[in-house]
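Colleague:
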Amino acid sequence: MADAKLKSEEKDKLVIEEDINVFQHTITQISPSKQEKRKQEEAISVDSPSKYVHHANGGRFATTERKETSLAVPFWKELNHPTPSFEFRANEIGCFSLIGRTDDKKRFEDKRYLRVYKYPLEALNVNLDLKVGESDFTFEGQSKSIDAMLWWTLRHKNDIFKNNQFTFDFLSARGGIRLIMFSIFETRDDWLLAVIKFRNAYFLCECVTDTQLKVEQNMTPEVRSFRYYGHKFEEYVTKNDATTEKLNPSKQFIAVFQSTIGSYRLLYSAEIDCVVERSPSMSEHIELKVCAGKSIDDLAFKQ
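Basically my numbering = 1-based index in the sequence shown + 4.
(1) Please confirm if Ala94 has its CB atom under 8 Å from at least one CB of chain B.
(2) Thinking C-alpha only, which one of Arg105, Asn129, Lys110 and Gly98 is nearest Lys298?
(3) Is it buried or exposed, Cys295, if we count other Cβ atoms within 10 angstroms and call 16 or more buried?
(4) According to DSSP, is Glu14 helix, strand or coil?
(5) Does the Cβ-Cβ distance between Ile290 and Asp277 come in under 8 Å?
(6) Report yes if the C-beta of Ala296 is less than 7 Å from at least one heavy atom of the ligand GDP; otherwise report no.
(7) Does the Cβ of Ser187 have 16 or more other Cβ atoms within 10 Å, making it buried, or fewer, making it exposed?
(8) With distances taken from CA atoms, which of Thr171, Lys148, Met223 and Gln216 is nearest Arg203?
(9) Roughly how far, in whole angstroms, is the beta-carbon of Arg105 from the beta-carbon of Ser147, given that I think they are within contact range, below 8 Å?
(10) Within 10 angstroms of the Cβ of Tyr123, are there 16 or more other Cβ atoms? Answer buried if so, exposed if not.
(11) Please state if the CB of Ile200 and the CB of Phe92 are separated by a distance shorter than 8 Å.
(12) Out of Gly98, Phe143 and Lys110, which one is the CA nearest neighbour of Gln221?
(13) Taking the straight line between their C-alpha atoms, what separation do you get for Phe141 and Gln169?
(14) Can you tell me which of the three DSSP states His58 falls into?
(15) Please return the same chain residues whose Cβ sits closer than 7 Å to the Cβ of Leu251, not counting the five positions on each side in sequence.
(16) Residues in its own chain within less than 6 Å of Gly62 by CB, not counting five upstream and five downstream?
(17) Output needed for Ala47: all residues of its chain with C-beta closer than 7 Å, excluding positions within five of it in sequence on either side, in chain order.
(18) Name the DSSP beta bridge partners of Ile258, please?
(19) Just the Cα atoms here: how many angstroms apart are Ala152 and Trp195?
(20) Return helix, strand or coil for Phe143, following the three-state DSSP convention.
(21) If I measure Cβ to Cβ from Ser35 and keep anything under 8 Å in the same chain, skipping five residues before and after, which residues do I get?
(22) Counting along the chain, where does the beta strand (DSSP E) carrying Ser176 start and finish?
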């Protein structure tokens, strides 16, 4: 894990000299003695939950002092309720299309790769062969880069950078935010985030871990087939008015959202599978998923 070398300049302004901060979440088996120690630590009385100092390796200790360079984050138990105490609403403020996430010459601030759902929003008896074309398909993997999002911010810098400061506290892809929010429930997969602080805003980028690389390299033919089925299903049930060519997974439509969690302001991007055709401004988004089951009763969701 890389450590950032930081120095203070005028109050809390931080300058990154060499490397960037890396936050890492790993899954480990906790021994009974460690569990008992953790219970004792959680019983320590402090002025507020934000006075806990958390380390990237999962450890923490209680303190009654707040560092000038620390970020106050509510203790996770305060947020762990069946009904969250905060309201999350996303406001779509922009969009763009791209081919891959790393080629800046293939980014377009338009809706050319937006796809529309073809059918009524109801359960239908269909017979779609998801294996068609599988032998000719090459899966290239998804890039986790936020370069495309940074490209969009440069084009809109007058809107998101005012009075010498950003209008957001965190910039990320939706996947990075999901990783953090799912951490207290995840028991199988690890994750790694690179974080840079610039002009008092935090820029988050997900990184590939060694575990994820091993999973990708050791993927079974069955798992690869299921990945293809998702792309094929999307091709069957969506359309693009701008082209009649087959679905190309590297061609993506990305929406940009503003939101808040508590007092923190978010600016994030998210790939959109498709939209409802007659929704106002084509803004009613649909997330497409393929599940295995002999009947609809076997599928892992509530109707």
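Glycine included, C-beta positions come from ideal geometry on N, C-alpha and C.
These numbers were taken from a predicted model, which means no experiment stands behind them.
Modeller: For this structure:
(1) Checking the listed chains, one finds no chain B in this structure; it contains a single protein chain.
(2) Asn129
(3) exposed
(4) Confidence at Glu14 is low in this model, with a pLDDT of 40, below 50, so the placement of that residue should be treated as unreliable; the coordinate-derived value is given next. Coil at Glu14, not helix or strand.
(5) yes
(6) With respect to small molecules bound, the structure shown includes none, and the ligand GDP cannot be examined in it.
(7) exposed
(8) Thr171
(9) 4 Å
(10) exposed
(11) no
(12) Phe143
(13) 45 Å
(14) With a pLDDT of 42 at His58, under the threshold of 50, the modelled position of this residue cannot be trusted; read the value that follows with caution. His58: strand per DSSP, three-state reduction.
(15) His235, Glu238 and Glu239
(16) Confidence at Gly62 is low in this model, with a pLDDT of 43, below 50, so the placement of that residue should be treated as unreliable; the coordinate-derived value is given next. So no residue of the chain qualifies.
(17) For Ala47, the predicted model reports a pLDDT of 49, less than 50, meaning its position is unreliable and no value from the coordinates is stated.
(18) Phe100 and Glu275
(19) 21 Å
(20) coil
(21) Any reading at Ser35 needs caution, since the residue's pLDDT is 49, under 50, leaving its predicted position unreliable; the model's value is listed next. So the list is empty, once near-sequence residues are dropped.
(22) Phe174 to Ala177
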